[in-house]
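Numbering that gives the first Met the number 0 numbers the first residue of the sequence shown as 0 and each following residue consecutively.
Cβ atoms here follow ideal geometry from the backbone N, Cα and C, with glycine treated the same way.
Input: a single structure, listed below in C-alpha cells.
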Amino acid sequence: MLQATQAAPKSVSLPALLSTLGLSETFARMAAASVIAGALIIFAFAHAPFKRAWEQIAAGIAVGLLVTAGWFVTGFLGADDFNPVPVTSLTFIAPIADTVQYAMLSTGLRPEFRNHHGRGAYSPEAW
C-alpha cells in the first residue's frame, strides 16, 4: 500500500486523469463536464413531481442562461486590453460570503456591500 508521502500523482483532477488515457486536455475537460452534468440532470428528473413542474424547469434554464450570458458579456464583449475587468456574472454565494466574512472580521473592517461590478454599492465609482 502506498502512503501519501511515498508517491504523489502529477495531477488529481478528473480531466487530468482522463488525459492520461490519451485524450486531449480540452476533450477530457468537456467529457468530464458532460458526464457530471448528465448525471445531475438524470438525478433531477428522477424525481416525479419535478418532471411535472415546468415553471421550475423554465426558471432553472433561465437562470443558467443569465449566468452564462453574464460571463459572455464580461469576458468577451467587455474585454478591453487597456482596462481589464474580471469575468463576473450573477452570483448567489458572494452576498452570503461577504456577510459571513464581515461577521468574522467585524472589529477590523468597514462593511462594504458590493454590487455585481465588484465596487461598493454606495461608493462614488458605482454611480
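Identify whether residue 18 lies in helix, strand or coil by the three-state DSSP scheme. helix
Extent of the continuous alpha helix (DSSP H) to which residue 25 belongs: 24-44
Tell me whether residue 62 sits in a helix, a strand or coil according to DSSP, three-state version. helix
Which same chain residues, not among the five before or five after residue 69, have their C-beta less than 6 angstroms away from its C-beta? 88, 89
Cβ pair residue 73, residue 84 closer than 8 angstroms: yes
Classify residue 52 as helix, strand or coil using the three-state DSSP reduction. coil
Whose C-alpha, out of 105, 42, 14, 44, is nearest the C-alpha of residue 32? 14
Where does residue 94 fall in DSSP's three states? helix
If you count every other CB in all the chains shown that lies within 10 Å of the CB of residue 47, and 16 or more means buried, which is it? exposed
Rounded to a whole number of angstroms, what is the C-alpha to C-alpha distance between residue 45 and residue 34? 16 angstroms
Cutting at 8 angstroms between CB atoms, please list the residues of its own chain near residue 43, excluding the five before and the five after it. 49
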